[in-house]
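S.K.:
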Amino acid sequence: MSGKLRNPDPSNANHGLNKWKRMEETTIRGLFETLSKTGKTVDLFLMINLLAIAVFVYNSVTFSTPRFLNERYCGSVSVSRNRSCVFDKNVLLDMGLVGLSEPVGSVILAYVLDWVGRRGANALITTTIFLVLTSLHVCVSRGYLVFLLMALKALSSMLTCVPLVLIREHFPTRVRGFSFHLAYMVGRVTVILGMSTTQFAFDLSPRLLLGINQMAVLLSVVIQGYLKVETFNVPIE
Numbered sequence: 004m005s006g007k008l009r010n011p012d013p014s015n016a017n018h019g020l021n022k023w024k025r026m027e028e029t030t031i032r033g034l035f036e037t038l039s040k041t042g043k044t045v046d047l048f049l050m051i052n053l054l055a056i057a058v059f060v061y062n063s064v065t066f067s068t069p070r071f072l073n074e075r076y077c078g079s080v081s082v083s084r085n086r087s088c089v090f091d092k093n094v095l096l097d098m099g100l101v102g103l104s105e106p107v108g109s110v111i112l113a114y115v116l117d118w119v120g121r122r123g124a125n126a127l128i129t130t131t132i133f134l135v136l137t138s139l140h141v142c143v144s145r146g147y148l149v150f151l152l153m154a155l156k157a158l159s160s161m162l163t164c165v166p167l168v169l170i171r172e173h174f175p176t177r178v179r180g181f182s183f184h185l186a187y188m189v190g191r192v193t194v195i196l197g198m199s200t201t202q203f204a205f206d207l208s209p210r211l212l213l214g215i216n217q218m219a220v221l222l223s224v225v226i227q228g229y230l231k232v233e234t235f236n237v238p239i240e
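Each residue of the sequence shown is one higher than the one before, counting from 4 in this note's numbering.
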C-alpha cells in the first residue's frame, strides 16, 4: 500500500460546488436574488396587484350575488340579517344560472386571449366589468338583473386568469414556479378581504359595494398602464 495521498478529482469538487449553488438558489432569498437578476421584479409586483384586484372582484361578485337576487335592493322591502340567506326556489334557480356562466367565460377567454393578446384581454374585461357594474346601479327587471349578474360572474372569473397567464409566460423557468406561488399566496389573502368587505359594504349599501368594485377595476386599468408586458406569441424562456 502506497503512502502517497491521492489527488482529489477536480470534477467532484466542481460537482459539489454546483450542487451547493443550486441549493442556494432554491431558498427564498436565492429565488428573490435570481428574480432580481432577470430585471422583472417590478413586473411581478404589478402582476400580483392585478391578480389581487381580480380575486377581490371575483369574490365580491360571488358572495354578493345571492343577496342581490334575494334582497331586491331596489325595492322598499328591507330584509333582516337572519333572513338574508333564506332563499326560495326562484332565487336558487337564478343562482344556478349565474354559476353556469363561469365555465362559459373560461371558454370565451381562450379565444379572447389569442384575439387581442393578454394586455388587450385585461383591458377589454375590466372595461366591460365597469359598464356592467354601472348598469347595476339602476333598478332593472328580475330577468335583466340575472343577465347582468351572469355577465359579471363570467367576466370576473376571466379577469382572475389573465395575470396568471402573464406570470406563466413572462418569467423564466428558474423563477416561474416561485413567482406563481407568491402570486397565489397573495390571492388567498385577498379572498378573505373580498369576503369580509362584501358583507360589510352590502349591509351599509349595495350601491356602495358596486362603487368599491368599480374603483377596483379602475385601479387595475391604471396598473396595467405601468405594466408594459405582452406575452402573446413571445417564446417562453
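Just so you know, even glycine gets a beta-carbon here, dropped at the ideal spot from N, CA and C. Here the structure is a predicted model, which means the values were calculated and not measured.
With 16 other CB atoms within 10 Å as the buried threshold, where does N93 fall?
M.R.: Classification of N93: exposed, given that the 10 Å Cβ count is below 16.
S.K.: P106 to C164, Cα distance in whole Å?
M.R.: Their backbone Cα atoms lie some 12 Å apart in a straight line.
S.K.: Note down, in chain order, each residue of its chain lying with its Cβ closer than 6 Å to the Cβ of M50, except the 5 sequence neighbours on either side.
M.R.: P166, L169 and I170, listed in sequence order.
S.K.: Do you know how far the Cα of G102 is from the Cα of Q217?
M.R.: Roughly 21 Å separates the two Cα atoms.
S.K.: Between the C-alpha atoms of S67 and I195, what's the straight-line distance to the nearest angstrom?
M.R.: Taking the straight line from one Cα to the other gives about 14 Å.
S.K.: From R210 to E74, what distance separates their C-alpha atoms?
M.R.: If you take the alpha carbons of R210 and E74, they lie about 13 Å apart.
S.K.: Kindly list the residues whose CB is nearer than 8 Å to the CB of L158, restricted to its own chain and excluding five residues on each side of it in sequence; keep chain order.
M.R.: Answer for L158: G108, I128, T131, I132 and V135, listed in chain order.
S.K.: To the nearest angstrom, how far is the alpha carbon of L152 from that of K40?
M.R.: Rounded to whole angstroms, L152 to K40 spans 44 Å at the Cα level.
S.K.: From G42 to A57, what does the alpha carbon distance come to, in whole angstroms?
M.R.: If I take the Cα positions, the gap works out to 25 Å.
S.K.: Given a cut-off of 9 Å, decide if K156 and T65 are closer than it, judged by their beta-carbon atoms.
M.R.: Result yes, Cβ atoms of T65 and K156 sit closer than 9 Å.
S.K.: In this structure, how does DSSP classify C142 when only helix, strand and coil are distinguished?
M.R.: Reduced to three states, the DSSP call for C142 is coil.
S.K.: Give a yes or no on whether the C-beta atoms belonging to T201 and S63 are separated by under 9 Å.
M.R.: Contact flag set, yes.
S.K.: Under 9 Å between the Cβ atoms of R145 and V232?
M.R.: Taking 9 Å as the Cβ cut-off, R145 and V232 do not qualify as a contacting pair.
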